[in-house]
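I have placed the structure first, in the form of structure tokens, so that the comments after it can refer back to it.
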Amino acid sequence: MLLRTKLFGKTYDFPDLRVLMGKANGEKSGDRLAGLAADNAAERAAARLVLAEVPLWALRDNPAVPYEQDEVTRVIHDALNETVYAEIKAWTVSELREWLLDDRHDGSAIARCANGLTAEMIAAVTKIMSNMDLAYAASKIRVQRHSANTIGLDRRLSGRLQPNHPTDSPEGIRAEIYEGLAYGCGDAVIGINPSDDSYASVARLLDMSYGVVKTWEIPAQTCVLAHVTTQMRCLQSGSPVGLVFQSICGSQKGNDSFGISVGMLDEAYQLARKHCYPAGPHYMYFETGQGSALSANAHNGWDQLTLEARNYGLARRYSPFIVNTVVGFIGPEYLYDTEQIHRAGLEDHFMGKLTGISMGCDVCYTNHARTDQDSSENLAVILAAAGCNFFMGVPMADDSMLSYQSTSFHDIATLRHMLHLRPAPEFEVWLESLGLMRDGRLTDLAGDPSFFLSR
Amino acid sequence: MEKDRLEAVIQAVVRELQAAAAVAAPAAVAAPSPAAVARKQRPAPGAEDDLRIDLADPTLPAARSRSGIPHPVDAEGLVALMECTSSRIGVGRAGPCLRTGALHLFLSDLAVTKDALARDVDPQLLAELGLFPVRTRVEGGKEEYLIRPDLGRQLSQEARTLISERCSKGPDVQICVGDGLSAQAVETNLRKILPVLQAGCTTAGLKMGTPFFIQYCRVGVMNDIGDLLQPKVLILLIGERPGLGRADSMSAYMAYRPKAGDTDAERDVICNIFDGGGVNPLEAGAYALRLAQKMLAKQTSGVKLKLMEA
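Those protein sequence lines, which keep their order, are chains A and B. Here my numbering is used: position 234 in the first sequence is 234, and no number is missing along the way. Take any residue in the second sequence, count from 1 to its spot, add 455: that is its number in my numbering.
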């Protein structure tokens, strides 16, 4: 394999696709940590020149982990539509980029094309796109899913209510749910990250949150984000489960470190379809984030963007209601500062949409990263313009259990007002019926959690 | 197993906790105090020379618990809701955006948290609790610690030598302490949690290893310690990533016979250990002890332990 270019008279030679893919990435501290980043800006530019000329078939033939060794690779390759692949396999990465951006190709044309793409092809084209390319291309793709309500419709923005509490107090969590609902948040999911992963505690929170949904007849789904094995036990024991959640990784080895496998997820998916209470047919919820494979030393020498694209290929198998990239949670060793977090958020959202999954973004940061809340607000505006399906609603963006800052109930309301976006249609009807929203805007009654003490 | 005596220790801890909770101050009311209102009165036009801005500390509990909603549907109910959680609810809005006071309190909390991240654990505390300090392979200070997690997961050569010299091999329970991302979390909680763990081990007749402190520590260092000392159960108390305006939260990571190659799937964790809203450190110590005994009985930890219980 010869992968070479001249740039300003200097020759840049890349030994294989693995090295080329790493060096073509935007600057990320995680790639540097893994020894995969370009040495300097010129080498990065050279790598992008070369990558743009790589034909798609070469990326299929060189997955990040070989087919025989890795079940994530097998899931993605086995699901490929060979007819579509045969049509596009000779395209270069550059041609794929321009085809995606071409105004003659709308969301449904892109969805068909995506059936012939592997995660490595999606990662490659992402590497040669600018931030606005990523936002614009993503805005062309809508992915709609249905559980208790509909997510992903045009001009709609849902909120994933995250009412966490440091000790899982049901009263504290309920109070936060009321606050979120009062701002029109909760249509993506009312999802609790438990501090205690035990069956009894998780079952108690499932009962409590479902109680709120029943009492107020809310067209929304609930979830407790325990390990999937705990949720499976809850499903089998008759607990009310709206969505089944799991964090996933882009390699088999990474998933091993999370204590999961494709077989286990298949089983969870079957149980979800059998026992979850919403109408469906979409019941799964995954979370991902660049750097998770590297942090488990399960990246097989490949860059974090490519591993992230493989997450989405795995998620697609289960037609999830939502997938959430928790973009700044992992910390500065993988995404160091505002620029890196913004780039990763836009990359992930685009890659998820292109893969055909219902993509949202936890626009967030930890306190030791070089960024701040203003920067998060900036990224949320760009992603909302790009048609992101949902954002996080955390009380004032400050998660008191997970110790990081995300986006707030206020942020979701503000984005909706500013960009004329509305909640999920069923949820909007419900908000209007309570008098909390009119014509897509919050009413004077909104923003008061004590409103929900009356039932 | 000395189950009864262990239960007695735990009961004593719980009694102490209940006594502490009984004397805790009640939360403040939602209405702004008259003093605060008076301070906010505007000077008369033309009285620029008299302009005096002298604000009360907005980070005090009474100020924090004040509601930002002018006319709630249920004022008493709102106070009750706000008392249920340390999360920022009942804050009200300016249009769909935050009110000014809430926004500035948030930004102030973020500011002190950022400043707190730069600190190291007080060596006097370590001496007082009999913990000798060692380091991971991080040599370039906090900055390197942040961007090189791989180095934070490995003991330095000096650390390996020192630990080999000073620690007994093959204990039932080995306790280690790491700074992690918050020195303050270690300083705030260690005096409470460490004695509970030590007393509990003694009561339960478990052989305890020599505890030590690891600077620039990441959770993955447990594998190195496991290979070196071969403990049956390893407990690593480590400072968590600081939350907004709060840097005192600690985690206890635990593993049965940790070794090279182990991952989070082989570990259990008790997180959010802190006084006043989190898992109380005394209670966490008692819980960690129960978990250690479970690991010893089932001879495993992490996801496998959970599956055995299911």
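For every residue, glycine included, the Cβ atom is placed at its ideal position computed from N, Cα and C.
Neighbour-count burial assignment, residue i, 16 or more Cβ in a 10 Å radius
{"i": "A490 (chain B)", "result": "Because the pLDDT of A490 (chain B) is 44, which lies under 50, any placement of that residue in the model is unreliable, and the number read from its coordinates should be weighed accordingly. Exposed: under 16 other Cβ atoms inside 10 Å."}
{"i": "A480 (chain B)", "result": "Unreliable positioning characterises A480 (chain B) in this predicted model, as indicated by a pLDDT of 42, which lies under 50. The coordinate reading is nonetheless provided below. Result: exposed."}
{"i": "T11 (chain A)", "result": "exposed"}
{"i": "A226 (chain A)", "result": "buried"}
{"i": "C349 (chain A)", "result": "The residue you asked about is not Cys; residue 349 (chain A) is His in the sequence shown. Under this definition H349 (chain A) is a buried residue."}
{"i": "P686 (chain B)", "result": "buried"}
{"i": "N735 (chain B)", "result": "buried"}
{"i": "G595 (chain B)", "result": "exposed"}
{"i": "R4 (chain A)", "result": "exposed"}
{"i": "D70 (chain A)", "result": "buried"}
Residue j beta carbon less than 8 angstroms from that of residue i
{"i": "R603 (chain B)", "j": "N367 (chain A)", "result": "no"}
{"i": "G547 (chain B)", "j": "I524 (chain B)", "result": "yes"}
{"i": "S201 (chain A)", "j": "N727 (chain B)", "result": "no"}
{"i": "A296 (chain A)", "j": "T591 (chain B)", "result": "no"}
{"i": "Q290 (chain A)", "j": "Y334 (chain A)", "result": "yes"}
{"i": "A148 (chain A)", "j": "P240 (chain A)", "result": "no"}
{"i": "G238 (chain A)", "j": "N389 (chain A)", "result": "no"}
{"i": "W302 (chain A)", "j": "M21 (chain A)", "result": "yes"}
{"i": "Y671 (chain B)", "j": "G607 (chain B)", "result": "yes"}
{"i": "V528 (chain B)", "j": "G700 (chain B)", "result": "no"}
{"i": "G757 (chain B)", "j": "A720 (chain B)", "result": "yes"}
{"i": "G360 (chain A)", "j": "F409 (chain A)", "result": "no"}
{"i": "G585 (chain B)", "j": "P626 (chain B)", "result": "no"}
{"i": "D605 (chain B)", "j": "L33 (chain A)", "result": "yes"}
{"i": "H325 (chain A)", "j": "T288 (chain A)", "result": "Correcting the residue type first, residue 325 (chain A) is Thr in the shown sequence and not His. Yes, these two residues count as a Cβ contact at 8 angstroms."}
{"i": "L581 (chain B)", "j": "F668 (chain B)", "result": "yes"}
Distance between beta carbons of residue j and residue i, contact taken as under 8 angstroms
{"i": "L96 (chain A)", "j": "L134 (chain A)", "result": "L96 (chain A) to L134 (chain A), Cβ: 14 angstroms. No contact."}
{"i": "R145 (chain A)", "j": "S358 (chain A)", "result": "5 angstroms"}
{"i": "V363 (chain A)", "j": "V327 (chain A)", "result": "6 angstroms"}
{"i": "R204 (chain A)", "j": "P166 (chain A)", "result": "So it is not a contact: roughly 16 angstroms between Cβ atoms."}
Residue i versus residue j: straight-line alpha-carbon distance, rounded
{"i": "T755 (chain B)", "j": "S433 (chain A)", "result": "53 angstroms"}
{"i": "D16 (chain A)", "j": "L553 (chain B)", "result": "51 angstroms"}
{"i": "D723 (chain B)", "j": "C631 (chain B)", "result": "15 angstroms"}
{"i": "F451 (chain A)", "j": "S520 (chain B)", "result": "19 angstroms"}
{"i": "Q639 (chain B)", "j": "K23 (chain A)", "result": "39 angstroms"}
{"i": "D679 (chain B)", "j": "G254 (chain A)", "result": "20 angstroms"}
{"i": "A114 (chain A)", "j": "G633 (chain B)", "result": "47 angstroms"}
{"i": "G556 (chain B)", "j": "I508 (chain B)", "result": "15 angstroms"}
{"i": "V212 (chain A)", "j": "A188 (chain A)", "result": "16 angstroms"}
{"i": "L49 (chain A)", "j": "G35 (chain A)", "result": "21 angstroms"}
{"i": "A385 (chain A)", "j": "L617 (chain B)", "result": "57 angstroms"}
{"i": "L2 (chain A)", "j": "S400 (chain A)", "result": "52 angstroms"}
{"i": "E339 (chain A)", "j": "A45 (chain A)", "result": "18 angstroms"}
{"i": "K597 (chain B)", "j": "Q236 (chain A)", "result": "47 angstroms"}
{"i": "D197 (chain A)", "j": "T83 (chain A)", "result": "45 angstroms"}
{"i": "R574 (chain B)", "j": "M351 (chain A)", "result": "39 angstroms"}
{"i": "S257 (chain A)", "j": "M750 (chain B)", "result": "19 angstroms"}
{"i": "K624 (chain B)", "j": "P666 (chain B)", "result": "12 angstroms"}
{"i": "V492 (chain B)", "j": "F561 (chain B)", "result": "At V492 (chain B), the pLDDT of 46 sits below 50, so the modelled position is not reliable and the matter cannot be decided from this model."}
Close beta carbons around residue i, own chain, < 6 angstroms, minus the five adjacent residues each side
{"i": "G740 (chain B)", "result": "I648, V651 and L652"}
{"i": "A747 (chain B)", "result": "V628 and V688"}
{"i": "M232 (chain A)", "result": "A268 and L271"}
{"i": "A52 (chain A)", "result": "V93, S94 and I128"}
{"i": "T229 (chain A)", "result": "none"}
{"i": "L744 (chain B)", "result": "G655"}
{"i": "R422 (chain A)", "result": "R156, E428 and G440"}
{"i": "A710 (chain B)", "result": "M677, L689, E721, R722 and S756"}
Cβ shell of residue i (< 8 angstroms), same chain only, five flanking positions each side left out
{"i": "H77 (chain A)", "result": "R60, P63, Y67 and T118"}
{"i": "D448 (chain A)", "result": "A182"}
{"i": "G191 (chain A)", "result": "R160, L161, Q162, T222, C223, V224, L225, L243, F245 and Y285"}
{"i": "H342 (chain A)", "result": "N131, S375, N378, L379 and I382"}
{"i": "P487 (chain B)", "result": "With a pLDDT of only 47 at P487 (chain B), under 50, the local geometry of the prediction cannot be trusted, and no value is derived from it."}
{"i": "L402 (chain A)", "result": "N164, N193 and F329"}
{"i": "V75 (chain A)", "result": "V262, G313, L314 and R317"}
Beta carbon proximity, residue i to chain E, threshold 8 angstroms
{"i": "D577 (chain B)", "result": "Looking for chain E here will not work: the only protein chains present are A and B."}
Cβ-based neighbour list, residue i, same chain, cut-off 7 angstroms, excluding 5 preceding and 5 following
{"i": "Y178 (chain A)", "result": "P449 and F452"}
{"i": "G387 (chain A)", "result": "A138, S139 and R142"}
{"i": "G435 (chain A)", "result": "T443 and L445"}
{"i": "A483 (chain B)", "result": "Note that A483 (chain B) scores 41 on pLDDT, short of 50, meaning its location in the model is unreliable and no value can be drawn from it."}
{"i": "A424 (chain A)", "result": "N149, T150, I151, R156, S158 and D187"}
{"i": "V19 (chain A)", "result": "none"}
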